[in-house]
Structures are given as structure tokens and as C-alpha cells.
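**Student:** When we follow this note's numbering, the leftmost residue of the sequence shown carries the number 1187, and every step to the right adds one.
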Amino acid sequence: MRAPVREGGALARAAREDALYVADEDHGVVRVVPLPLDPARPGAGVPAPGRPAQVLALGGREARVLATVRDPGLLLIFRPDASAGLVEVGRVPLPADAWGIAVTPDEKTAIVTSAWTHKVSAVDLEAGRARWTVDVAREPRGVAVLPDGSAAYVSHLVGADLTRIDDLGGAPRVRRVALPASPLRAPSGERLAASLGYALALSEDGRRLFAARHALGAMGHAAWFGAATVDVLITGRDEPLAPPHHGNLPVLRSAFAEQVITPESVITLPGASVTPVTQPRAAVYRKRARTLLVAGEGDDLVLEVDATAVDPTLAIVKSYPVGGRYDPHVRVAGTCGAPTGLALSADEATAWVFCRSTGDVAALRLHDPAAGSGAAPAGAVATGASGAAPAAEGPAALVHLADDPLGPEVAKGRRLFYYALDGTVSGNLGCAGCHPDGRDDGYVWREATFSTADGEHANFVGRPENIPEVAKRKGFPRRTPMLAGNVGAAGPYGWHGESEDLVGRLQTGMGLHRWGGLPIDHTPAGLAARATYLAMFLRRGLVTPPRGDGAPDERAKRGREIFHSDEAKCSRCHVPASDYTDRTAYPMPKRPPLPGYDEDPRPEYKTPSLRFVGGRPPYLHDGRAGTLAELIEQNADWMGKTSHLSPEDRAALVAFLETL
């Protein structure tokens, strides 16, 4: 039997295995879905006081269901009820954007992450109150508690490092834990950044912690954007399991693969795709098989990998498709889009999947480890020359919970936003791959131009040195912009204001976010239709981060005076009435490009909006300022006039910007 689940997710199984619970963020409800799945019994939704992010079912002395709510930040405590489904019995206020949840082994304390406000809180479930709250790095999401309850680990949507919190029951101690992304596929001697750190999972004994995420700049065939990865941390010493890649490691190459010989094992790197799943969103450990299931938000599948491998994503056991090829012009019934939540049955023979973009729950029959899986040995890869994982049949059952709350056209845009396999929209990375939740990955991409037989193409790439065609060009820096709450204006769009409107910018982006320009068989009508659907979703379906409703303190008031002053001139371009921007491109004094980038020949830059600026470092188009304080300190008079400000006034200006 499966051990009790202590990590939350968008989907959870009831302890008695008679129902599933779904945190349906887009409909604002916590759903109760009866088991076994039956299309005639989609279940009911319990309205939440805000958008629920994760649920967790407890099966101790008293059955309870916990749910986080994003805005206002809350932890809801429910009691299962035979007639009502769920009855709320507690509500604990938390920092805004409450998201991830895990519980201690005794089920007395819940550890909750609050994403936008970068906080982690401990909630006393018996007293119904927060015991402590600590500040952590940007966008904390997944959380897992060690089996002995001594510490919790937290993953982040932005960055490769994890956060560890010790002494959960006393005075919490916070520290960063380095976990480089996909070290075996990094350029020699390099430490790669990561994004999409939504999920953490622990092995049964807690000795291995699995971080499913995206490795920015990982090497591989056609990996212009990097690759999905499951990085393993040895918790006893807080060190990564996989060794760093160095150029002097022996490598055996063949036509289809290469093997890196490390002191401990032989690791096979497939010569074809090293992205067996796209946009990892959820993960769950399968004790019976010693495997890990990872939900791929971008390619509508669940990947099962060997959890004993040095790099589990290079040891594929099985691939379970939950959706079919999507075309916004063709309605396909029975497809499950954007897998967001995973739950296992008690005997671990079935996995249930919640698909966010289609509002479905699917059941998957998992392979029987006793019958043999055909998996490769630990550290090897179970793919053929094509790089494709051994496939299983599709869902055994599927229940449609609800239609899109914003109508069929926004539904098409929602599906396209997450979907990575539409040949027109992207080159195998969906919009949500760089703009999770409509926010950003905190990464500075490179816009590089290269020549092909049909002309020159500009593309965003993670690391040009990985790609022979552009290795001699470093590319112009392009920091990922935040979308949520910042795409309401008519136009223009683009760092240089080069696109007249949002639909035009999206069409341009469809050529940039891929390798080799738009596909030959694309049509202008199909391009425009997709961009229109996406624009509708970006404006109506994305949710802006929570904003504090408290009055600004005296320092922030002083900063507001400086911002609007004739001396500083900040508000002349960052016009408050239009989301703190005049949307005009101005020629800027040249600065030397940062190491690793080419100098941009276009010196004019459009005034960026300052909405939510406090929560989206690093800053400027090249990310050269890590914090707002650093931006103001280094600014001199490059933007507006700040060189005359005292240290106290600079701090006041930063305090005001953080309120926007």
C-alpha cells in the first residue's frame, strides 16, 4: 500500500479512495469528483473565497482536506461530508498568493508557500493559526517535508537553488541549497539556471529529493530553449546526485547517442531529443516501482522515469499520453490538455491526472513493475534512436468537469498558451514555458540571427554556444517580460516598440520562439487566428498578482514624492495614468554590453510598465540589475535623474516602486 501523501497538488486522492479533490483555480472552486471515474458523475464544486492553488487530503485520526487560496492568501480546512462533499471548518490568513502545501508526518503542521510575496509559513492545524512566516527567494512553489519532520525543502519558479528550512516546530532557520539544473547536459564547467520549479517529491526514505523543472540552456539536439530535467538532491548532505559535466570526462559517441563515463556510472545521452517531457508541472513518487511520474504541461503526457538513476530524465520507463494533437480549428473530444495535477491510487496501479486547459480528469493504467518495464539501467536511457519513450495506451477513463468559464474563444487561447506542440505557435516550448502563470522565468534570453537556405531568421536561444549555426554570435539580451496585467494597452509592443499591437507582437513572437522561423506550411490566416485567440486569453484569462491594500508607510510616501518630482523626472515617461508607461521608445545612451552578449544596434527602448515591478527581478532588458536598489544605485542619470538623491531618498524611491 502507498504511504500517506504529505505533498499537495492541484489534484489529491481521498484517504478512503472514494473521491478525488481538485483545486480548480480557473473556476474558483474545490471540486469533489467521485471514484471510480464516470463521465455521468463529474461531481460538484465547493466555491472558494478566491482561486485555489493546491489541495491535500489527510488521512490521520480525523479526515481533513486542506486547500490553499491565492488571493486573499488563505489556508482552508475542510471536513469531508457524505452529502455536502466538503464542509469548511477552518480558515487561516496567510501572506498573499498562498500556493504550495505540505504537512509534517504527525499532520499537525502545514508548511505553505506564498508565491508572489515570497514567503513560507507554518500553520498549526490544531490551533488554526500561523505559527511563523519567513522570507525566501522569489516565487516559492513546491514544498516537501522530510519523513522525520526535521526540515522542509522549497522549490522556486525562478532559479535553480532550493530553499531549506530547519526547526519547523521552533525558530525556523532558512538557507539556500544549490542544485544546478541538469548538470550532465550543461556546457563544460557551467552551472545552468532553472525555471518552472513547481514540484518537489521525496523518495520513501527521504534520502532523495526530486526537483522536476526546466533546465535553461541544457545541451541537446534542437534544444534551443534547454530541456526538461529531474534533478536529484541527496538530502543527507544537501548535494546533487549528478556530477558536473567537464570537458575532460571521457565521452563515447555513436550515430544515435553519446555516453559520459563518470566515476560512478555510465550515462547515456540520446542523440535525438533530450526533452522527453515539456514544461514539468507536477510530480509524484511511485514507491512500488521506484519511479517518478512527471506531468508535462506542454505536451499533454505523463512521463515515468527511473527514480534510482543519476539523471532520471535520461532513464525513461514509460510515456502515458493523455491528450491528442491539438488544432484550434478542429474540435477533438476526449483530449486532456495541460496536465497540472497528479494523484496515485493506494495500490499505485492507477494515476489520475487533472488537465487544466480542458477541465478534465483522466485515469491512467500504470505499467506493472513486477511484469518488467523494459526500463534502462540506472543512468542509461530507455529510448531508441528516435529519442521517443516507450508509449502506453491513452487514458482508461476521462471525466469532463466544466467548460471554460470565459467561453470557447478564450478556451482556444488558453489551450494554445500551455500547448507546446502546435507547429505554428512555437518550436516545442509553449508560452507558459517562459511565462508561467503569465509571469516570467527571470531569464535573459539571446536574440540571435542566422542564415538558412530560405534567408535569415531571428530566434531566441538559451545559449548560442550550444548551436553551431549561431555559435559565433552571442545574441542581443532579451529579458523575459511579465504578461499578466501588462498587456491591456492597444500598443505598441516589443522592447523597441516595433509591433503595432498585441496580435502583431504575438505573430512576430511565433517566429522568434522556435528554431528556423515559421514552418513552411503555415498560413497567414492560421497565424492571425492563433494570435487573436492568445491575445484574448492573455487579457482575460491571466490573473494579475495580488496587490497590497494597506496604506504606504512614510518612506514609501517620500518615494512617491521623489518619483513625481521635477528633479527626478520618473513620471514623465512612467506615466501613472497609463500603467506607469507612455509606451514610447526613446534612444538611450549606450552602455557596454554585458559579457556574453552582442551590442544591440538599436539603441531605442520602449518605456516599460512599472506595474508589479517589485516582484520581477532582474531588471532592464539585459537583466544587469539584480534588485531595484541596485538599479537605482547604478542608474546615475541614465533614466531620469537620480544621481542627486541621498542614500535615504534612493531607499525611499525603491520602497515606493515596490508598492506599484
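Beta carbons: idealized from backbone N, C-alpha and C, even for Gly.
Computed from a predicted model, the values in this text were never measured in an experiment.
In whole angstroms, what is the alpha-carbon distance linking Leu1806 and Ala1243?
**Tutor:** So the alpha carbons of these two residues sit roughly 43 Å apart.
**Student:** Go to Cys1620, then tell me how far its beta strand (DSSP E) extends in each direction, as first and last residue.
**Tutor:** Run containing Cys1620: none in the beta strand (DSSP E); it sits in the alpha helix (DSSP H), 1617-1620.
**Student:** Between Ala1338 and the rest of its own chain, which residues show a CB-CB distance below 8 Å, the 5 nearest in sequence each way excluded?
**Tutor:** Only Ala1288, Ile1297, Val1306, Val1329, Ala1330, Val1331, Leu1332, Arg1350, Ile1351, Leu1354 meet the Cβ criterion.
**Student:** Check whether the Cβ atoms of Leu1378 and Pro1366 sit closer than 9 Å, and answer yes or no.
**Tutor:** Against a cut-off of 9 Å, the Cβ pair of Pro1366 and Leu1378 comes out as a contact.
**Student:** Counting C-beta neighbours from all protein chains within 10 Å, is the total for Gly1356 16 or more, i.e. buried, or is it exposed?
**Tutor:** With fewer than 16 other Cβ atoms within 10 Å, it is exposed.
**Student:** Going straight from the alpha carbon of Val1463 to that of Thr1415, what length do you get?
**Tutor:** The alpha-carbon atoms of Val1463 and Thr1415 are separated by roughly 9 Å.
**Student:** Spatial neighbours of Arg1474 within its chain, please: C-beta separation below 7 Å, excluding the five flanking residues on both sides.
**Tutor:** For Arg1474, where only same-chain residues beyond five positions count, the Cβ hits under 7 Å are Glu1534, Pro1555.
**Student:** Is the CB-CB distance between Arg1217 and Gly1231 below 9 Å?
**Tutor:** Yes, these two residues count as a Cβ contact at 9 Å.
**Student:** Please classify Asn1614: does DSSP put it in a helix, a strand, or coil?
**Tutor:** If DSSP states are grouped into helix, strand and coil, Asn1614 belongs with coil.
**Student:** So with Cβ pairs under 9 Å, would you call Val1761 a contact of chain C?
**Tutor:** Protein chain content of the structure displayed is limited to a single chain, and chain C is not contained in it.
**Student:** Report yes if the C-beta distance between Arg1744 and Asp1835 is below 9 Å; otherwise report no.
**Tutor:** It is a contact, given that the beta carbons lie within the stated cut-off.
**Student:** Count the other CB atoms, across all protein chains shown, that sit within 10 Å of the CB of Gly1616; report buried if there are 16 or more and exposed otherwise.
**Tutor:** When all chains shown are included, Gly1616 counts as buried.
**Student:** Thinking just about the alpha-carbon of each residue, which of Asp1283, Ala1401, Leu1197 is nearest to the one in Gly1545?
**Tutor:** Gly1545 has its Cα closest to that of Leu1197, out of Asp1283, Ala1401, Leu1197.
**Student:** Please go through the same chain and pick out, in chain order, the residues whose beta-carbon is closer than 6 Å to the beta-carbon of Pro1563, but skip the five residues on each side of it.
**Tutor:** A caution first: Pro1563 carries a pLDDT of 37, below 50, which makes its placement in the model too unreliable to give a value.
**Student:** Throw me the rounded Cβ distance for the Ala1205 and Val1219 pair, which I believe falls under 8 Å.
**Tutor:** The pair is a contact, with the Cβ atoms about 6 Å apart (cut-off 8 Å).
**Student:** Using 9 Å as the threshold, is the C-beta distance between Arg1327 and Gly1286 below it?
**Tutor:** Contact flag set, yes.
**Student:** Quick one: using the 10 Å Cβ neighbour count with 16 as the cut-off for buried, is Ser1374 buried or exposed?
**Tutor:** Classification of Ser1374: exposed, given that the 10 Å Cβ count is below 16.
**Student:** Can you give me the C-alpha to C-alpha distance between Ile1748 and Leu1839, rounded to a whole angstrom?
**Tutor:** Cα-Cα distance, rounded: 7 Å.
**Student:** Sorted by chain position, which residues of the same chain lie with C-beta nearer than 6 Å to Arg1467's C-beta, five sequence neighbours on each side aside?
**Tutor:** These residues qualify, in order along the chain: Tyr1384, Ala1481, Glu1483, Thr1526.
**Student:** Assuming Gly1683 and Arg1797 form a contact by the criterion Cβ under 8 Å, report the distance between their Cβ atoms to the nearest whole angstrom.
**Tutor:** Gly1683 to Arg1797, Cβ: 17 Å. No contact.
**Student:** Could you name each continuous beta strand (DSSP E) segment of 3 residues or more that falls completely within the segment 1251-1311, going from the start of the chain to the end?
**Tutor:** Qualifying beta strand (DSSP E) stretches, in chain order: 1260-1267, 1271-1279, 1284-1289, 1295-1300, 1305-1310.
**Student:** Rounded to whole angstroms, what's the CA-CA distance from Gly1609 to Ala1397? Just pull it up for me.
**Tutor:** Taking the straight line from one Cα to the other gives about 29 Å.
**Student:** For the alpha helix (DSSP H) that Thr1718 lies in, which residues bound it at each end?
**Tutor:** Unbroken alpha helix (DSSP H) run through Thr1718: 1710-1726.
**Student:** Going by the beta-carbon positions, is the gap between Ala1200 and Pro1190 smaller than 9 Å?
**Tutor:** No, these two residues do not count as a Cβ contact at 9 Å.
**Student:** Among the residues of its own chain, which have a CB less than 7 Å from the CB of Ala1209, if the five just before and after it don't count?
**Tutor:** Closer than 7 Å at Cβ, skipping near neighbours: Ala1196, Val1216, Pro1238, Ala1239, Gln1240, Val1241, Ala1253.
**Student:** Just to confirm the assignment, what range does the beta strand (DSSP E) spanning Gln1240 have?
**Tutor:** Residues 1238-1244.
**Student:** Go ahead and pull the three-state DSSP assignment for Gly1482.
**Tutor:** Gly1482 falls in the strand class under three-state DSSP.
**Student:** From the DSSP secondary-structure annotation, give me the bridge partner or partners of Ile1502.
**Tutor:** Answer is Val1491.
**Student:** Is Thr1160 helix, strand or coil when you go by DSSP?
**Tutor:** The question about residue 1160 has no answer here: the residues shown for the chain are numbered 1187 through 1846.
**Student:** Would you report the Cα separation of Gly1214 and Ala1469, rounded to the nearest angstrom?
**Tutor:** Near 23 Å, if we compare the C-alpha coordinates of Ala1469 and Gly1214.
**Student:** At what residues does the beta strand (DSSP E) containing Arg1361 begin and finish?
**Tutor:** 1359-1363 is the extent of the beta strand (DSSP E) around Arg1361.
**Student:** With distances taken from CA atoms, which of Pro1787, Pro1678, Thr1521 is nearest Arg1769?
**Tutor:** Minimum Cα distance to Arg1769 is reached at Pro1678.
**Student:** Which complete beta strand (DSSP E) runs does the segment 1333-1357 hold, if anything under 3 residues is left out?
**Tutor:** The qualifying runs are 1337-1342, 1348-1352.
**Student:** Hey, how far is the Cα of Ala1308 from the Cα of Phe1264?
**Tutor:** Taking the straight line from one Cα to the other gives about 18 Å.
**Student:** Using three-state DSSP, classify Ala1196 as helix, strand or coil.
**Tutor:** In this structure, Ala1196 counts as coil in the three-state DSSP scheme.
**Student:** To which residues does DSSP link Ala1380 through a beta bridge?
**Tutor:** Its beta-bridge partners are Ala1401.
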